[in-house]
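Single-structure report; data block below.
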Amino acid sequence: MVASADQLATQAGLAAFALGGNAVDAAIATNAAIAVVGPHLCGMGGDLFALVATPDGQVHCLNSSGRAGSGASAEVLRAEGHRTMPFRHDIRTVTVPGCVDGWVALHQRFGTLPLATLLSPAVSLAEHGFPASPLLVGSASQLDAAAQQQLHELSGQARRPGARVRRPGVARALRAVAEGGRDAFYRGEFGNGLLSLGNGWFTEADLANPAPTWVEPLRIRAWGHELWTVPPNSQGYLTLGAAALASEHIELPTDPDDERWAHLLVEAATAAGFDRPQVLHEHADGMALIQAIRGRAEMVHPERASQRQVPGSDGDTTYLCTADADGMAVSLIQSNASGFGSWLAEPATGINLHNRGLGFSLDPGHPAELRPGARPPHTLCPALATRDGQLVSVFGTMGGDGQPQILLQLAARLFHHGQSPAAALHAGRWVLRGPVTGFDTWTAAEGPVLQVEGNAPADWSTALSARGHRVQPSPPFDSAFGHAHAIVRDSEGFWSGAADPRARVGSAAGG
């Protein structure tokens, strides 16, 4: 089974299965395809995290997030008057993209089909063209004049849904990876263009050093299951900490449509996340952070909103998951950060570059302060669930800083209330959002609003407002509430899955 935010990518994953590949093969093929057709979400210029469950009951965790270039200097940015990292139109918010390194690392450890075979559907889509999705067209229409010039290949073609979009430079880059591995990308056409754009921010040595590291995943028990995610520099600890807090100290209503269910989970999410800017950095102890959250039961007010600052919801990312008949499954997330990322593109290939460096701090002495070779705090946090050592589910979402909030709601629905993937994914959501970008709620003096989706229960907005939440009603099935997908294994060993309708062109399929 494959679930992704674009049916063309899902079909690429199924093609890998049809050729005898495993779940990792299918995940690579799916991600490569959506890197072509979903540049507003992800791409070869972004980062990647993955959890891989193997049939022997092991869970492996890959961190393929990129590092700041050797020329990185917080002092220089501060001298220019910056108090936070630039958001767009600045190469200094770009870290060395980890996506391609992540594909290669996954393939080397678990892949069974040739990498060229897995990338072939993506190459075909890039060379021959694909129909622009409604969300791609909408995202392209939001580009300013400078970004339209940088991303002229995309903005010039994706003018209406269904318009054919070709990306020949991306096809060349994919072929280079298929034929020459990671060095053909990082030390080839793309890498040379990145060095030129960086003008000293990156060095050849930066691009020669592979990004991926296999790390120990985080794990806690909640609602009768073991929940797994990626450790820092990821914010995944917030998902597990809030789930532990909710399952151990909060008595949720039996009906997840009850407005009190939403209120209590909002309280758990804010108690978990309010101090994220101070504590999250690449060397943070994820389990210690979770234990600290577990001790915050008194911070959850059963009746009233606690008015804490919390992470926002904006950000464009793609999440996908795969599972095979042997019991291997992959929970993979890959991202540009915000929309098309930095709104810069490597000029030769046209690959747009992420802006993950926005997670760095410019505060002197901060543990996440921008410095050469450092990884920034990251929003990406794929998830996985087991029970008694057996894989139960792979699940995750896009949604920027709001990912842990969305995952908390999904985990409660799937594992506490026993809902099906389709029911859990179609249910209305709440998300806390910052006032401007969705990445600014840690610093904005006015704090976030609580967005409530239009397809949520009718009384949520009124009742949550009465509890003191600053509620902002939103349209039903709005992309701002994430593109979540899930695959669940039942007691008979069958997979069931669903793709988020908010993605518009997403699909879950199997055979």
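Heads up: the sequence shown at position 266 corresponds to 281 in the numbering used here, and the numbers run straight through without jumps.
Note that the Cβ used here is the ideal one computed from N, Cα and C, for glycine as well.
C-alpha gap between residue i and residue j, whole angstroms
{"i": "Ala42", "j": "Val17", "result": "8 Å"}
{"i": "Ala48", "j": "Gly184", "result": "14 Å"}
{"i": "Leu63", "j": "Arg197", "result": "14 Å"}
{"i": "Ala338", "j": "Val345", "result": "6 Å"}
{"i": "Asp403", "j": "Ser19", "result": "28 Å"}
{"i": "Ile366", "j": "Val281", "result": "38 Å"}
{"i": "Trp457", "j": "Arg291", "result": "Any reading at Trp457 must be qualified, since the residue scores a pLDDT of 49, below 50, and its modelled position is unreliable; no value is offered."}
{"i": "Ser328", "j": "Thr477", "result": "Its pLDDT being 48, under 50, Ser328 is placed unreliably by the model, and nothing is read from it."}
{"i": "Gly239", "j": "Gly433", "result": "11 Å"}
{"i": "Arg174", "j": "Ser156", "result": "8 Å"}
{"i": "Asn214", "j": "Thr228", "result": "27 Å"}
{"i": "Ser321", "j": "Gly256", "result": "18 Å"}
{"i": "Leu406", "j": "Arg504", "result": "7 Å"}
{"i": "Leu440", "j": "Ala193", "result": "35 Å"}
{"i": "Ala44", "j": "Leu479", "result": "43 Å"}
{"i": "Ser408", "j": "Leu304", "result": "24 Å"}
{"i": "Leu267", "j": "Arg182", "result": "49 Å"}
{"i": "Ala161", "j": "Arg103", "result": "10 Å"}
{"i": "Gly443", "j": "Ile308", "result": "26 Å"}
{"i": "Ala299", "j": "Pro247", "result": "6 Å"}
{"i": "Asp105", "j": "Leu359", "result": "8 Å"}
{"i": "Gly469", "j": "Trp475", "result": "10 Å"}
{"i": "Asp515", "j": "Phe496", "result": "10 Å"}
{"i": "Ala33", "j": "Thr394", "result": "33 Å"}
Beta-carbon proximity check, residue i vs residue j, cutoff 8 Å
{"i": "Ala383", "j": "Pro392", "result": "yes"}
{"i": "Ala426", "j": "Ala258", "result": "yes"}
{"i": "Thr108", "j": "Arg82", "result": "no"}
{"i": "Leu423", "j": "Ala284", "result": "yes"}
{"i": "Phe492", "j": "Pro54", "result": "no"}
{"i": "Arg234", "j": "Glu297", "result": "no"}
{"i": "Ala94", "j": "Val52", "result": "no"}
{"i": "Ala513", "j": "Pro436", "result": "yes"}
{"i": "Ala186", "j": "Ala141", "result": "yes"}
{"i": "Val67", "j": "Phe125", "result": "yes"}
{"i": "His264", "j": "Ala312", "result": "yes"}
{"i": "Leu77", "j": "Ala89", "result": "no"}
{"i": "Tyr334", "j": "His122", "result": "no"}
{"i": "Ser85", "j": "Thr254", "result": "no"}
{"i": "Ala237", "j": "Ser211", "result": "no"}
{"i": "Glu361", "j": "Leu169", "result": "no"}
{"i": "Thr127", "j": "Asn207", "result": "no"}
{"i": "Ala530", "j": "Val180", "result": "Only positions 16 to 526 of the chain appear in the structure, and residue 530 is not among them; the question remains open."}
{"i": "Gly521", "j": "His500", "result": "yes"}
Nearest to residue i (by Cα), restricted to the options the options
{"i": "Ser494", "options": "Leu295, Gln466 and Leu395", "result": "Gln466"}
{"i": "Ala6", "options": "Ala27, Leu151, Pro146 and Glu204", "result": "Limits of the chain in this structure are 16 at one end and 526 at the other, which puts residue 6 out of reach."}
{"i": "Ala50", "options": "Gly380, His500, Leu347 and Val109", "result": "Leu347"}
{"i": "Ser357", "options": "Arg319, Gly365 and Asn370", "result": "Asn370"}
{"i": "His97", "options": "Phe492, Ala147, Thr394 and Ser376", "result": "Ser376"}
{"i": "Leu92", "options": "Arg448, Trp216 and Arg311", "result": "Trp216"}
{"i": "Arg190", "options": "Val115, Thr218, His167 and Glu241", "result": "Val115"}
{"i": "Ala286", "options": "Gln420, Ser170 and Ser88", "result": "Gln420"}
{"i": "Pro112", "options": "Ala226, Ala87, Ser139 and Ser506", "result": "Ala226"}
{"i": "Met100", "options": "Pro379, Ser350 and Leu151", "result": "Pro379"}
{"i": "Glu461", "options": "Leu447, Arg202, Glu468 and Pro472", "result": "Leu447"}
{"i": "Thr401", "options": "Gln22, Ser148 and Asp71", "result": "Asp71"}
Paired residues, beta bridge with residue i - DSSP
{"i": "Trp229", "result": "Leu77"}
{"i": "Ser262", "result": "Bridge partners of Ser262: none, in fact."}
{"i": "Asp62", "result": "Ser350"}
{"i": "Phe145", "result": "Val180"}
{"i": "Arg504", "result": "Trp510"}
{"i": "Ser249", "result": "His393"}
{"i": "Ile235", "result": "Leu242"}
{"i": "Pro488", "result": "Val467"}
{"i": "Ser522", "result": "Ser19"}
{"i": "Val111", "result": "Answer is none; Val111 lacks a bridge partner."}
{"i": "Val67", "result": "His75 and Val345"}
Proximity test, Cβ basis, 8 Å: residue i and chain C
{"i": "Ala47", "result": "This model lacks chain C altogether, as it is built from one protein chain only."}
Q. Which runs of the beta strand (DSSP E), 3 residues or longer, sit entirely within the segment 321 to 380?
A. 331 to 338 and 344 to 352
Report task. Pick out the complete alpha helix (DSSP H) segments inside the segment 382 to 464, 4 residues or longer, and give them in chain order. Result -> 418 to 426 and 436 to 441
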